[in-house]
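Number of protein chains: 2
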Amino acid sequence: MLRPWQVTLSERIDPERGTPIYMQIIHALIRDIETGRLASGTYLPSSRELANALGVNRKTVVLAYEDLIAQGWLSTEGTRGTMVSRSLPTGTSSQTATPEPEQRVEQTHYRFAEPPARALALPGGRGIKLDEGAPDGRLFPADQLARAYRSAINRASRANRMQYRDPRGSDSLREQVAEMLRSQRGLPVTPANICITRGSQNGLFLALQVLIEPGDAVIVEELTYEPAVAAIRALGGKVIPVRLDEEGIDVAEVEAMCRRHSVRAIFVTPHHQFPTTIAMRPERRLQLLEVARQFGVAVIEDDYDHEFHFQSQPLLPMAGYAPGQVIYLGSMSKLLLPALRIGYLAAPEKVIDAVAHRVSLTDGMGNTVTEETAAELIANGELRRHARKAWRVYAERRQSFAALLDAHLGDRVDFAVPDGGLAFWVKFRGDIDAIEQRAQAQGLRFASHRSFMARDSADKGLRLGFASLDDGEAARAVSALAEAAR
Amino acid sequence: MLRPWQVTLSERIDPERGTPIYMQIIHALIRDIETGRLASGTYLPSSRELANALGVNRKTVVLAYEDLIAQGWLSTEGTRGTMVSRSLPTGTSSQTATPEPEQRVEQTHYRFAEPPARALALPGGRGIKLDEGAPDGRLFPADQLARAYRSAINRASRANRMQYRDPRGSDSLREQVAEMLRSQRGLPVTPANICITRGSQNGLFLALQVLIEPGDAVIVEELTYEPAVAAIRALGGKVIPVRLDEEGIDVAEVEAMCRRHSVRAIFVTPHHQFPTTIAMRPERRLQLLEVARQFGVAVIEDDYDHEFHFQSQPLLPMAGYAPGQVIYLGSMSKLLLPALRIGYLAAPEKVIDAVAHRVSLTDGMGNTVTEETAAELIANGELRRHARKAWRVYAERRQSFAALLDAHLGDRVDFAVPDGGLAFWVKFRGDIDAIEQRAQAQGLRFASHRSFMARDSADKGLRLGFASLDDGEAARAVSALAEAAR
Chain A
7 MLRPWQVTLS
17 ERIDPERGTP
27 IYMQIIHALI
37 RDIETGRLAS
47 GTYLPSSREL
57 ANALGVNRKT
67 VVLAYEDLIA
77 QGWLSTEGTR
87 GTMVSRSLPT
97 GTSSQTATPE
107 PEQRVEQTHY
117 RFAEPPARAL
127 ALPGGRGIKL
137 DEGAPDGRLF
147 PADQLARAYR
157 SAINRASRAN
167 RMQYRDPRGS
177 DSLREQVAEM
187 LRSQRGLPVT
197 PANICITRGS
207 QNGLFLALQV
217 LIEPGDAVIV
227 EELTYEPAVA
237 AIRALGGKVI
247 PVRLDEEGID
257 VAEVEAMCRR
267 HSVRAIFVTP
277 HHQFPTTIAM
287 RPERRLQLLE
297 VARQFGVAVI
307 EDDYDHEFHF
317 QSQPLLPMAG
327 YAPGQVIYLG
337 SMSKLLLPAL
347 RIGYLAAPEK
357 VIDAVAHRVS
367 LTDGMGNTVT
377 EETAAELIAN
387 GELRRHARKA
397 WRVYAERRQS
407 FAALLDAHLG
417 DRVDFAVPDG
427 GLAFWVKFRG
437 DIDAIEQRAQ
447 AQGLRFASHR
457 SFMARDSADK
467 GLRLGFASLD
477 DGEAARAVSA
487 LAEAAR
Chain B
7 MLRPWQVTLS
17 ERIDPERGTP
27 IYMQIIHALI
37 RDIETGRLAS
47 GTYLPSSREL
57 ANALGVNRKT
67 VVLAYEDLIA
77 QGWLSTEGTR
87 GTMVSRSLPT
97 GTSSQTATPE
107 PEQRVEQTHY
117 RFAEPPARAL
127 ALPGGRGIKL
137 DEGAPDGRLF
147 PADQLARAYR
157 SAINRASRAN
167 RMQYRDPRGS
177 DSLREQVAEM
187 LRSQRGLPVT
197 PANICITRGS
207 QNGLFLALQV
217 LIEPGDAVIV
227 EELTYEPAVA
237 AIRALGGKVI
247 PVRLDEEGID
257 VAEVEAMCRR
267 HSVRAIFVTP
277 HHQFPTTIAM
287 RPERRLQLLE
297 VARQFGVAVI
307 EDDYDHEFHF
317 QSQPLLPMAG
327 YAPGQVIYLG
337 SMSKLLLPAL
347 RIGYLAAPEK
357 VIDAVAHRVS
367 LTDGMGNTVT
377 EETAAELIAN
387 GELRRHARKA
397 WRVYAERRQS
407 FAALLDAHLG
417 DRVDFAVPDG
427 GLAFWVKFRG
437 DIDAIEQRAQ
447 AQGLRFASHR
457 SFMARDSADK
467 GLRLGFASLD
477 DGEAARAVSA
487 LAEAAR
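As you go down the protein sequences, you meet chains A and B in turn.
Under our numbering, the first sequence has 107 at position 101, and the numbering climbs by one with no breaks.
Under our numbering, the second sequence has 39 at position 33, and the numbering climbs by one with no breaks.
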């Protein structure tokens, strides 16, 4: 016959639930101690009796009792069997009514910062996706990647390099990146000037951590990358959007803002402006550097897709001619694969040391195996071979995407074929909100024009990535968009 | 014959420098435009003339001119050759004296937060290392890891999953982790309650981001993990250390601090207290949860090496019986490999959504390939097999390390063999500062006792990891330490 307490216990044990029964018994007993249903000093039924009452194997109850004894919840003083430890406090009656853990998991009894209504990542789902300029992951040879991983694992394992390591990243990748930045982008750097990051966004987050304190201001282009704006705000920074034209950021406004606010950094994407794709003209670059120098402000130069310039050689980063003024961010997400999360930050050595400290706080260090894999792919030339191949594919896709936009959207849109980067910036003649709604209703997934706008007066447009879509996918995406813009 | 400007140019081109000559020419010209040595509208020498003057191949100069034209620095108006673009501003004389980029890279013209004098990571170098409780990376079968990577890459590549993804982490790993937490640790969770992190530290950093704003307070144990303290401070939080005894944190002091400060979170390591290795007793757990509930404060439970408990089954996390009060942090660093940076955070779904937003800001998302590799290793049972093997090895090393400490340090130290975790907490009878200095002088690398102390009145001791050392290494390390403590 069940005693009243055994009745409530047996009602709460459910073999159908995912949790093992022995674990359920443990939790139910802890819960009953916590709530005072089982007072300290109370003797429990024998394992045989409880097993019968619950209709479970006796061994299950024995296991649960043993664990609870080892953990100090129960004890076996004397000979009268198992009791609730005398040291435990007596539960408060206020909790007797609170539900079991399984029902409680969605209740929180503390305050936390709610996420914004619109997520920063592209909406998930099964519809046709128009990303913001991602590469085509299918182009990268999986075999080469797996081989590079194997070789990196073997080397790292032999050298016992799978432990906690340098927060700046693995030596071999820092050497490869420094060499690449020196020879291909003209940055006067050594490995001491490099910190490996988990992508450009991580580089930005780390740079902001060393540059700003709550209340400091950061200038951004009025059309920009939303996660950058969100990162500045999350760190307590004030975001100051500045006008943008076809030649780049309006430096006169930058200067005016530097006079008015405590500006600590200017975040720009001079190579392929995000989202508009335009390159910042040399005169703007020089003027911007001059203002930055004058006010002692760091320029954060995000060169997120350096390799993919189609009209000429890639433009040289400002960090090449003003290394003491610029914190340079790069990424292998576009060149290799976004999923590997490899980026880098280049700056004077003492800034790198400050950034490395922030790495220690933020995530400790990078993924050594992946970093050594990336170093291997640079060293063995595979990455270069892939870059050449991807460049040719994307150059073609850029042309066919332009043709598709012309054919399907014709005079309902304004766009220029971008000189570089993996996306088009497209402005619609019609009501963009209505077009977006219709496009979403058709299952098209894309970033809203609002996501790019750091101020209301900025241009409204969509950034349409062409590189990740093969011909058929591009045709379907553009025709769905055209349908929505009709 | 060289014109004066060509003289200064040729002096600055150096074939011995790492940067390619054509890149050096580009930078020297940009630099001369920037400083006004080359005014806008100035005609440059022909490529042949400049090549002769510099003693380089003419093609090199042609390449440099072409790039500078494409980028807008030079132009070819009319027929008189190449000129500095008329649109460029005239350089300011104030800069004519500033050195070349290669000499300038270590000068910064902006303010940034200097790192602390003592780095958080264990000092690098070649000496004998006594870590804080790292696993032995050599035990993990490199072959199994490489095979799992290959299989994950193939699957991810076929399904085109190498793109930007869910900031909460890959579905397959979240499912495996939820199942593992449910069945082995009794947490009432589904994949919606899981966010994959880049290790425990990253989990803590993300949790803090959603819990605190500048000025809020976080309670820590008076002996604790230094990067946790640093992360709280970096996010503007106030650190409140609370007394610790053999049963865990002093809950009466926790309560007093909650009354006095705006406490938003309590960071604890209840399973194997870091650094002292003690387990928090059941009564303290219940009292702590009660205080947390009363003041609406989140408990951050860091269960960083759950699997390695030697005296009994691992103790059940508080998150199992109080899921709405506890943000649970786990890691695969100890079980698998630190270098893979895989951890997880378990919390109510709406908290996970808030954390996912912070992932978007901090590093965008995790390393999908590594996450799927980890999921594969859980699913195919390799991780469990490895855990059993590692457990046996560490259980033996724990005994032999205790014997070594007894034999070499005898009554000069105080320690207990830890019930769980991968380190000993050792208090020295002598002057700890002097002992540390002598040990460092002998090339021993270890974390200073100061790194654990969140307040001055806390105990002084060293945390000595035993798991990563084989018998010979352990003997060398302990005898070096004994030498220093003599």
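Built from N, CA and C at the ideal position, the CB exists for glycine as well.
Fair warning: this is a prediction, and the values are worked out from it, not measured in the lab.
| query | Going by the CB atoms, is the gap between A:R156 and B:A381 shorter than 8 Å? | reply | In the second sequence, counting from the first residue as 1, residue 381 of chain B sits at position 375. In the first sequence, counting from the first residue as 1, residue 156 of chain A sits at position 150. Cβ atoms of B:A381 and A:R156: not closer than 8 Å.
| task | Would you mind reading off the limits of the alpha helix (DSSP H) that contains A:W397? | result | For the purposes of this step, residue 397 of chain A is taken as the residue at position 391 of the first sequence. E388 to L415 is the span of the alpha helix (DSSP H), which, as asked, contains A:W397.
| message | If you follow the beta strand (DSSP E) that A:F434 is in, where does it begin and where does it stop? | response | Reading the first sequence from its first residue, position 428 is the one you call residue 434 of chain A. It spans A429 to F434 - the beta strand (DSSP E) in which A:F434 sits, taken as one unbroken run.
| task | Check whether the Cβ of B:D251 lies closer than 8 Å to any Cβ atom in chain A. | result | Here the question's residue 251 of chain B lines up with position 245 in the second sequence. So, not an interface residue.
| query | Can you name the residues that DSSP bridges to B:P247? | reply | In the second sequence, counting from the first residue as 1, residue 247 of chain B sits at position 241. DSSP lists B:V226 as partners of B:P247.
| request: Assess, as a yes-or-no matter, whether the segment 347-361 of chain B is touched by the segment 368-376 of chain A under the definition of 3 or more beta carbon pairs within less than 8 Å. | output: Counting Cβ pairs under 8 Å, three or more are found: they touch.
| Name the chain A residues whose beta carbon is nearer than 9 Å to that of B:S16? | Against the second sequence, residue 16 of chain B aligns to sequence position 10. By Cβ distance, chain A contributes nothing, its closest Cβ being about 18 Å from B:S16, past 9 Å.
| query | Alpha carbon to alpha carbon, how far is B:A486 from B:E377? | reply | Here residue 486 of chain B refers to the residue found at position 480 when the second sequence is read from its first residue. Here residue 377 of chain B refers to the residue found at position 371 when the second sequence is read from its first residue. Cα to Cα, B:A486 sits roughly 40 Å from B:E377.
| message | Please state whether the Cβ-Cβ distance between B:G336 and B:H315 is less than 8 Å. | response | Within the second sequence, numbered from 1, the residue matching residue 336 of chain B stands at position 330. Within the second sequence, numbered from 1, the residue matching residue 315 of chain B stands at position 309. Their beta carbons are not under 8 Å apart, which means B:G336 does not touch B:H315 by this criterion.
| query | Taking only beta-carbon atoms, is B:Y310 less than 8 Å away from chain A? | reply | On the second sequence, position 304 is the one that residue 310 of chain B refers to. No, B:Y310 lies away from the interface with chain A (no Cβ there is under 8 Å from its Cβ).
| query | What does B:V357 reach in chain A if we use C-beta pairs closer than 7 Å? | reply | If you number the second sequence from 1, residue 357 of chain B lands on position 351. Residues of chain A passing the Cβ test: T114 and F118.
| Local conformation of B:R451 per DSSP, three classes | Here residue 451 of chain B refers to the residue found at position 445 of the second sequence. B:R451: strand per DSSP, three-state reduction.
| task | Anything in the segment 359-380 of chain B with a Cβ closer than 8 Å to a Cβ of chain A? List those residues in chain order, please. | result | D359, A360, A362, H363, R364, S366, L367, T368, D369, G370, M371, G372, N373, T374, V375 and T376
| message | What does the alpha-carbon distance come out to for the pair A:R299 and A:Q331? | response | Working through the first sequence from its first residue, we reach residue 299 of chain A at position 293. Working through the first sequence from its first residue, we reach residue 331 of chain A at position 325. If you take the alpha carbons of A:R299 and A:Q331, they lie about 7 Å apart.
| request: Return the bridge partner residues of A:K135 from the DSSP annotation. | output: Stepping through the first sequence from its first residue, residue 135 of chain A is reached at position 129. According to DSSP, A:K135 bridges with A:R451.
| message | So B:L48 contacts chain A; which residues on that side make the cut at Cβ distance below 7 Å? | response | Counting from 1 along the second sequence, the entry for residue 48 of chain B is found at position 42. According to the sequence shown, residue 48 of chain B is Thr rather than Leu. Correct list: empty, because the minimum Cβ distance to chain A is about 15 Å.
| said: Which residues of the segment 265-288 of chain A have a Cβ closer than 9 Å to any Cβ of chain B? Give them in chain order. | reply: R270, A271, A285, R287 and P288
| task | State the DSSP-derived secondary structure class of A:D172, mapped to helix, strand or coil. | result | Translated into the one-based positions of the first sequence, residue 172 of chain A becomes position 166. The answer is coil: DSSP assigns A:D172 none of H, G, I, E or B.
| Mind checking B:E40: buried by the 16 CB within 10 Å criterion, or exposed? | Along the second sequence, one-based indexing puts residue 40 of chain B at 34. The residue is buried, with at least 16 neighbouring Cβ atoms inside 10 Å.
| message | On the DSSP letters alone, give me the boundaries of the alpha helix (DSSP H) that B:D359 sits inside. | response | To locate residue 359 of chain B, count along the second sequence from 1; it is residue 353. E355 to T368 is the span of the alpha helix (DSSP H), which, as asked, contains B:D359.
| Who are the Cβ neighbours of B:I159 in its own chain at under 7 Å, not counting the five residues just before and after it? | Start at 1 with the first residue of the second sequence, and residue 159 of chain B comes out as number 153. Excluding sequence neighbours, B:I159 sits near V375.
| query | Buried or exposed: which applies to B:E228, given that a residue is buried once 16 or more other Cβ atoms fall within 10 Å of its Cβ? | reply | Working through the second sequence from its first residue, we reach residue 228 of chain B at position 222. Buried: at least 16 other Cβ atoms inside 10 Å.
| Hey, A:P281 and A:F458: beta-carbon distance below 8 Å or not? | Taking the first residue of the first sequence as position 1, residue 281 of chain A is located at position 275. Taking the first residue of the first sequence as position 1, residue 458 of chain A is located at position 452. Yes, the pair counts as a contact, with Cβ atoms nearer than the cut-off.
| said: Does any residue of chain A have a CB that is nearer than 8 Å to the CB of B:T102? | reply: Here residue 102 of chain B refers to the residue found at position 96 when the second sequence is read from its first residue. Because B:T102 carries a pLDDT of 45, less than 50, the predicted location of this residue cannot be relied on, and the following value inherits that uncertainty. No, its Cβ sits nowhere closer than 8 Å to a Cβ of chain A.
| task | Tell me where the alpha helix (DSSP H) around A:S163 begins and ends. | result | Indexing the first sequence from 1 puts residue 163 of chain A at position 157. Run containing A:S163: A148 to R164, per the alpha helix (DSSP H) assignment.
| query | Going by DSSP, which residues form a beta bridge with A:S81? | reply | For the purposes of this step, residue 81 of chain A is taken as the residue at position 75 of the first sequence. A:S81 pairs with A:M89.
| message | When you compare the CB of B:D256 with every CB in chain A, is at least one pair closer than 8 Å? | response | Against the second sequence, residue 256 of chain B aligns to sequence position 250. Chain A, which has no Cβ nearer than 8 Å to the Cβ of B:D256, makes this no.
| task | Answer with buried or exposed for A:A123, where buried requires no fewer than 16 other C-beta atoms within 10 angstroms of its C-beta. | result | As a working note, residue 123 of chain A is residue 117 in the first sequence. Under this definition A:A123 is an exposed residue.
| B:K395: buried (16+ other C-beta within 10 angstroms of its C-beta) or exposed? | Taking the first residue of the second sequence as position 1, residue 395 of chain B is located at position 389. Exposed is the call here.
| field | Span separating the alpha-carbon of B:Q113 from that of B:R43 | value | Taking the first residue of the second sequence as 1, we reach residue 113 of chain B at position 107. Taking the first residue of the second sequence as 1, we reach residue 43 of chain B at position 37. C-alpha separation (whole angstroms): 22 Å.
| said: Any beta carbon from chain A within less than 8 Å of B:E446's own beta carbon? | reply: Locating residue 446 of chain B in the second sequence gives position 440, counting from the first residue. Looking at the sequence provided, one finds Gln at residue 446 of chain B rather than Glu. No, B:Q446 lies away from the interface with chain A (no Cβ there is under 8 Å from its Cβ).
| field | Proximal chain A residues relative to B:A79, where beta-carbon distance stays under 7 Å | value | In the second sequence, residue 79 of chain B corresponds to position 73, counting from 1. Residue identity check: residue 79 of chain B is Trp in the sequence provided, not Ala. Chain A residues near B:W79: P288.
| Is the segment 411-419 of chain B close to the segment 386-400 of chain B, with three or more CB pairs under 8 Å? | The segment 386-400 of chain B and the segment 411-419 of chain B do not touch, with fewer than three beta-carbon pairs separated by less than 8 Å.
| request: Taking C-beta pairs closer than 8 Å, name the residues in chain B that A:P354 reaches, listed in chain order. | output: Indexing the first sequence from 1 puts residue 354 of chain A at position 348. Chain B residues near A:P354: V111, E112, Q113 and T114.
| Do the segment 205-220 of chain A and the segment 353-365 of chain A make contact, defined as three or more Cβ pairs closer than 8 Å? | yes
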